[in-house]
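Heads up: the structure comes next, in C-alpha coordinates.
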Amino acid sequence: MIKILVTNDDGIDSTGIRALADEMRKIGDVFVIAPAEEMSAISHALTLNAPLSYKKMDDRHYKIFGTPSDCVYLGVVNIMKDRPDLVVSGINSGCNMADDITYSGTVAAAIEGTILGVPSIAFSLFGNPPTHFDEAAPWCGEIAKSVMESRLPKPTLLNVNLPDGNIKGYRMTRLGVRRYSQNVDEIRDPRGKTYYWIGGEQAEWDHIEGSDYVAVNEGYVSITPLHLDLTDYKFLKEIEHWNFKNPDD
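Heads up, the sequence shown is in our numbering, so the first residue is 12 and it goes up one at a time.
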(Lines of atoms letter the chains of each structure in order from A and count residues from 1; the text may use other names and numbers.)
(Lines give C-alpha, C1' and ligand atoms only; values in the text may rest on other atoms or scores of the structure.)
Protein backbone atom coordinates (compact mmCIF):
# COMPACT_ATOMS: atom_id res chain seq x y z
CA MET A 1 0.00 0.00 0.00
CA ILE A 2 1.31 3.45 -0.88
CA LYS A 3 2.05 5.93 1.89
CA ILE A 4 0.53 9.37 1.55
CA LEU A 5 1.47 12.51 3.51
CA VAL A 6 -1.49 14.89 3.77
CA THR A 7 -0.92 18.49 4.82
CA ASN A 8 -2.33 22.00 4.25
CA ASP A 9 -2.03 25.63 5.31
CA ASP A 10 -5.51 26.01 6.85
CA GLY A 11 -4.63 23.95 9.91
CA ILE A 12 -5.11 20.36 10.98
CA ASP A 13 -8.72 20.92 12.09
CA SER A 14 -9.92 22.37 8.77
CA THR A 15 -12.79 20.88 6.78
CA GLY A 16 -10.69 20.62 3.65
CA ILE A 17 -7.93 18.47 5.11
CA ARG A 18 -10.46 16.07 6.63
CA ALA A 19 -12.17 15.62 3.26
CA LEU A 20 -8.83 15.12 1.50
CA ALA A 21 -7.50 12.66 4.09
CA ASP A 22 -10.72 10.61 3.95
CA GLU A 23 -10.42 10.36 0.17
CA MET A 24 -6.72 9.47 0.25
CA ARG A 25 -7.43 6.61 2.69
CA LYS A 26 -9.25 4.89 -0.17
CA ILE A 27 -5.97 4.55 -2.05
CA GLY A 28 -3.25 4.44 0.59
CA ASP A 29 -1.93 4.61 4.14
CA VAL A 30 -2.43 8.23 5.20
CA PHE A 31 -0.37 10.35 7.58
CA VAL A 32 -1.92 13.73 8.37
CA ILE A 33 0.93 16.08 9.25
CA ALA A 34 -0.38 19.64 9.32
CA PRO A 35 0.01 23.02 11.04
CA ALA A 36 -1.55 23.50 14.45
CA GLU A 37 -3.17 26.72 13.22
CA GLU A 38 -3.91 28.54 9.99
CA MET A 39 -0.80 29.46 8.00
CA SER A 40 -2.35 30.97 4.87
CA ALA A 41 -0.18 33.14 2.60
CA ILE A 42 3.00 32.14 4.42
CA SER A 43 4.51 30.83 1.18
CA HIS A 44 7.59 28.59 1.46
CA ALA A 45 8.77 29.65 4.91
CA LEU A 46 10.81 27.14 6.92
CA THR A 47 11.45 27.50 10.65
CA LEU A 48 15.22 27.79 10.80
CA ASN A 49 15.89 30.27 13.61
CA ALA A 50 13.62 28.89 16.33
CA PRO A 51 12.90 25.48 17.86
CA LEU A 52 10.32 23.41 15.98
CA SER A 53 8.00 21.01 17.79
CA TYR A 54 4.96 18.85 17.16
CA LYS A 55 2.25 16.98 19.04
CA LYS A 56 1.56 13.36 18.14
CA MET A 57 -2.21 13.01 18.29
CA ASP A 58 -2.10 9.32 17.26
CA ASP A 59 0.01 7.16 14.96
CA ARG A 60 -1.39 8.85 11.86
CA HIS A 61 -2.05 12.43 12.99
CA TYR A 62 0.60 15.00 13.90
CA LYS A 63 0.03 18.64 14.79
CA ILE A 64 3.05 20.74 13.82
CA PHE A 65 3.80 24.06 15.48
CA GLY A 66 5.23 25.46 12.29
CA THR A 67 4.61 26.15 8.62
CA PRO A 68 3.25 23.91 5.84
CA SER A 69 6.79 23.46 4.51
CA ASP A 70 7.93 22.50 8.03
CA CYS A 71 5.19 19.86 8.05
CA VAL A 72 6.39 18.25 4.84
CA TYR A 73 10.06 18.39 5.78
CA LEU A 74 9.46 16.89 9.23
CA GLY A 75 7.09 14.31 7.82
CA VAL A 76 9.43 13.08 5.10
CA VAL A 77 12.70 13.32 7.00
CA ASN A 78 11.69 12.53 10.57
CA ILE A 79 8.13 11.43 11.36
CA MET A 80 7.35 8.83 8.72
CA LYS A 81 9.59 5.79 9.09
CA ASP A 82 9.31 5.10 5.37
CA ARG A 83 9.39 7.96 2.89
CA PRO A 84 5.94 8.79 1.52
CA ASP A 85 5.09 7.85 -2.03
CA LEU A 86 2.95 10.96 -2.43
CA VAL A 87 2.47 14.37 -0.80
CA VAL A 88 -0.93 16.04 -1.13
CA SER A 89 -1.71 19.50 0.22
CA GLY A 90 -5.20 20.90 0.79
CA ILE A 91 -8.03 20.99 0.15
CA ASN A 92 -7.41 24.71 0.57
CA SER A 93 -10.33 26.96 1.47
CA GLY A 94 -10.12 29.31 -1.51
CA CYS A 95 -8.33 29.20 -4.82
CA ASN A 96 -4.59 29.23 -5.48
CA MET A 97 -4.33 30.31 -9.09
CA ALA A 98 -2.22 32.68 -11.16
CA ASP A 99 0.15 34.89 -9.13
CA ASP A 100 -1.31 33.61 -5.85
CA ILE A 101 0.84 30.49 -6.03
CA THR A 102 3.83 32.60 -4.94
CA TYR A 103 2.07 33.42 -1.65
CA SER A 104 0.35 30.11 -1.02
CA GLY A 105 1.36 27.86 1.85
CA THR A 106 -0.71 25.11 0.21
CA VAL A 107 1.35 25.21 -2.97
CA ALA A 108 4.58 25.67 -0.99
CA ALA A 109 3.96 22.39 0.83
CA ALA A 110 3.75 20.61 -2.52
CA ILE A 111 6.89 22.43 -3.66
CA GLU A 112 8.72 21.20 -0.54
CA GLY A 113 7.61 17.65 -1.28
CA THR A 114 8.92 18.00 -4.83
CA ILE A 115 12.26 19.34 -3.59
CA LEU A 116 12.51 16.29 -1.34
CA GLY A 117 11.91 14.01 -4.31
CA VAL A 118 8.30 13.00 -3.58
CA PRO A 119 5.53 13.37 -6.20
CA SER A 120 3.34 16.20 -4.91
CA ILE A 121 -0.03 17.83 -5.61
CA ALA A 122 -1.67 20.99 -4.24
CA PHE A 123 -5.50 21.08 -4.15
CA SER A 124 -7.60 24.23 -3.67
CA LEU A 125 -11.34 24.89 -3.80
CA PHE A 126 -12.62 28.09 -5.40
CA GLY A 127 -15.11 30.09 -3.35
CA ASN A 128 -15.35 32.76 -0.66
CA PRO A 129 -15.72 30.67 1.37
CA PRO A 130 -16.14 27.36 -0.48
CA THR A 131 -18.46 24.69 0.90
CA HIS A 132 -18.49 21.64 -1.41
CA PHE A 133 -15.37 19.87 -0.14
CA ASP A 134 -17.01 16.45 -0.25
CA GLU A 135 -17.86 16.92 -3.93
CA ALA A 136 -14.31 18.04 -4.70
CA ALA A 137 -12.56 15.23 -2.80
CA PRO A 138 -13.29 12.37 -5.27
CA TRP A 139 -11.70 14.42 -8.04
CA CYS A 140 -8.63 14.79 -5.83
CA GLY A 141 -8.56 11.02 -5.41
CA GLU A 142 -8.72 10.38 -9.16
CA ILE A 143 -5.94 12.87 -9.86
CA ALA A 144 -3.79 11.34 -7.13
CA LYS A 145 -4.27 7.87 -8.61
CA SER A 146 -3.30 9.14 -12.05
CA VAL A 147 -0.12 10.69 -10.65
CA MET A 148 0.84 7.42 -8.96
CA GLU A 149 0.17 5.47 -12.16
CA SER A 150 1.85 7.86 -14.60
CA ARG A 151 4.33 9.59 -12.27
CA LEU A 152 5.52 13.17 -12.63
CA PRO A 153 8.71 14.37 -14.31
CA LYS A 154 11.24 15.90 -11.93
CA PRO A 155 11.02 18.58 -10.64
CA THR A 156 7.35 19.11 -11.51
CA LEU A 157 4.29 19.28 -9.25
CA LEU A 158 0.59 19.69 -9.97
CA ASN A 159 -1.44 22.68 -8.85
CA VAL A 160 -5.14 21.75 -8.92
CA ASN A 161 -8.04 24.16 -8.43
CA LEU A 162 -11.63 22.94 -8.26
CA PRO A 163 -14.97 24.71 -8.71
CA ASP A 164 -17.17 24.86 -5.64
CA GLY A 165 -19.83 22.38 -6.78
CA ASN A 166 -21.34 21.38 -10.14
CA ILE A 167 -18.03 20.19 -11.59
CA LYS A 168 -18.30 19.59 -15.36
CA GLY A 169 -14.95 17.92 -15.94
CA TYR A 170 -11.31 18.92 -16.04
CA ARG A 171 -8.88 20.91 -18.17
CA MET A 172 -5.10 21.05 -18.38
CA THR A 173 -4.20 24.70 -17.91
CA ARG A 174 -1.53 27.36 -17.62
CA LEU A 175 -1.27 29.95 -14.85
CA GLY A 176 -3.49 32.98 -15.30
CA VAL A 177 -3.02 36.59 -14.22
CA ARG A 178 -4.69 38.14 -11.19
CA ARG A 179 -4.56 41.86 -10.43
CA TYR A 180 -4.91 43.24 -6.90
CA SER A 181 -5.53 46.83 -5.94
CA GLN A 182 -2.45 48.07 -4.12
CA ASN A 183 -3.90 49.16 -0.80
CA VAL A 184 -2.59 49.59 2.72
CA ASP A 185 -5.02 50.78 5.38
CA GLU A 186 -3.41 52.94 8.06
CA ILE A 187 -5.29 52.62 11.35
CA ARG A 188 -4.74 53.89 14.88
CA ASP A 189 -5.36 51.73 17.91
CA PRO A 190 -7.06 53.10 21.08
CA ARG A 191 -3.66 54.22 22.41
CA GLY A 192 -2.86 56.19 19.30
CA LYS A 193 -0.33 53.76 17.87
CA THR A 194 -0.44 53.35 14.10
CA TYR A 195 -0.73 49.91 12.53
CA TYR A 196 -1.23 48.78 8.95
CA TRP A 197 -3.55 46.31 7.24
CA ILE A 198 -2.51 45.00 3.85
CA GLY A 199 -5.50 44.36 1.67
CA GLY A 200 -7.67 45.95 -0.95
CA GLU A 201 -10.71 45.54 -3.07
CA GLN A 202 -11.73 42.35 -4.87
CA ALA A 203 -9.01 41.18 -7.25
CA GLU A 204 -9.56 41.21 -11.00
CA TRP A 205 -8.69 38.34 -13.34
CA ASP A 206 -7.43 38.57 -16.89
CA HIS A 207 -9.52 36.43 -19.23
CA ILE A 208 -6.79 34.28 -20.80
CA GLU A 209 -7.93 31.25 -22.76
CA GLY A 210 -6.33 28.08 -21.44
CA SER A 211 -5.69 29.60 -18.02
CA ASP A 212 -6.56 28.16 -14.62
CA TYR A 213 -9.03 30.95 -13.84
CA VAL A 214 -11.02 30.54 -17.06
CA ALA A 215 -11.30 26.77 -16.51
CA VAL A 216 -12.53 27.03 -12.93
CA ASN A 217 -14.82 29.96 -13.71
CA GLU A 218 -16.47 27.82 -16.40
CA GLY A 219 -16.99 24.90 -14.00
CA TYR A 220 -13.95 22.74 -14.76
CA VAL A 221 -11.17 21.40 -12.55
CA SER A 222 -7.95 23.18 -13.47
CA ILE A 223 -4.78 21.04 -13.49
CA THR A 224 -1.61 23.09 -13.91
CA PRO A 225 1.87 21.54 -13.95
CA LEU A 226 4.43 23.73 -12.17
CA HIS A 227 8.18 23.42 -12.69
CA LEU A 228 10.68 24.40 -10.02
CA ASP A 229 13.16 25.82 -12.53
CA LEU A 230 12.10 29.49 -12.66
CA THR A 231 14.80 30.50 -15.12
CA ASP A 232 13.63 32.81 -17.92
CA TYR A 233 15.52 31.07 -20.72
CA LYS A 234 14.38 33.50 -23.43
CA PHE A 235 15.69 36.51 -21.51
CA LEU A 236 18.82 34.58 -20.54
CA LYS A 237 19.79 34.53 -24.22
CA GLU A 238 19.35 38.31 -24.39
CA ILE A 239 21.49 39.11 -21.37
CA GLU A 240 24.30 36.87 -22.56
CA HIS A 241 25.28 39.87 -24.72
CA TRP A 242 25.35 42.34 -21.84
CA ASN A 243 28.77 43.71 -20.92
CA PHE A 244 29.44 44.91 -17.40
CA LYS A 245 32.51 46.80 -16.35
CA ASN A 246 34.56 44.92 -13.78
CA PRO A 247 34.50 47.18 -10.67
CA ASP A 248 37.99 45.96 -9.72
CA ASP A 249 39.53 47.25 -12.95
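No residue lacks a Cβ here, since even glycine has one placed at the ideal position from N, Cα and C.
Rounded distance between the beta-carbons of residue j and residue i, thought under 8 Å
i: Gly230; j: Ile178; result: 7 Å
i: Asn19; j: Pro95; result: Contact flag wrong, Cβ pair sits at about 15 Å.
i: Ile13; j: Ile44; result: So it is not a contact: roughly 16 Å between Cβ atoms.
i: Thr235; j: Asp243; result: Contact doesn't hold; Cβ gap of about 18 Å is too wide.
i: Cys82; j: Ala120; result: 7 Å
Spatial distance of residue i from residue j (CA atoms)
i: Thr184; j: Leu237; result: 10 Å
i: Ser161; j: Val118; result: 21 Å
i: Thr113; j: Phe255; result: 31 Å
i: Pro130; j: Val225; result: 26 Å
i: Glu48; j: Leu57; result: 15 Å
i: His252; j: Val158; result: 41 Å
i: Val98; j: Thr205; result: 42 Å
i: Lys245; j: Pro164; result: 22 Å
i: Thr125; j: Ile132; result: 9 Å
i: Leu31; j: Arg202; result: 45 Å
i: Lys66; j: Tyr73; result: 6 Å
Selected residue, minimal CA-CA separation from residue i, among the options
i: Ile15; options: Ser25, Lys37 and Asp24; result: Lys37
i: Pro166; options: Leu127, Gly180, Ala148 and Asn89; result: Leu127
i: Asn267; options: Leu241, Lys92 and Ser100; result: No answer is possible for residue 267: the residues shown for the chain start at 12 and end at 260.
i: Ser233; options: Asp70, Met108, Ile13 and His55; result: Met108
i: Lys156; options: Leu63, Pro201, Met35 and Phe144; result: Met35
i: Glu123; options: Lys66, His55 and Val17; result: His55
i: Ala52; options: Val88, Leu247, Asp110 and Ala147; result: Asp110
Residue i burial status per 10 Å Cβ neighbour count (16 or more: buried)
i: Val195; result: exposed
i: Ile154; result: buried
i: Pro149; result: exposed
Minimum length 3: unbroken beta strand (DSSP E) runs contained in the segment 52 to 138: 65 to 69, 72 to 75, 97 to 104 and 131 to 136
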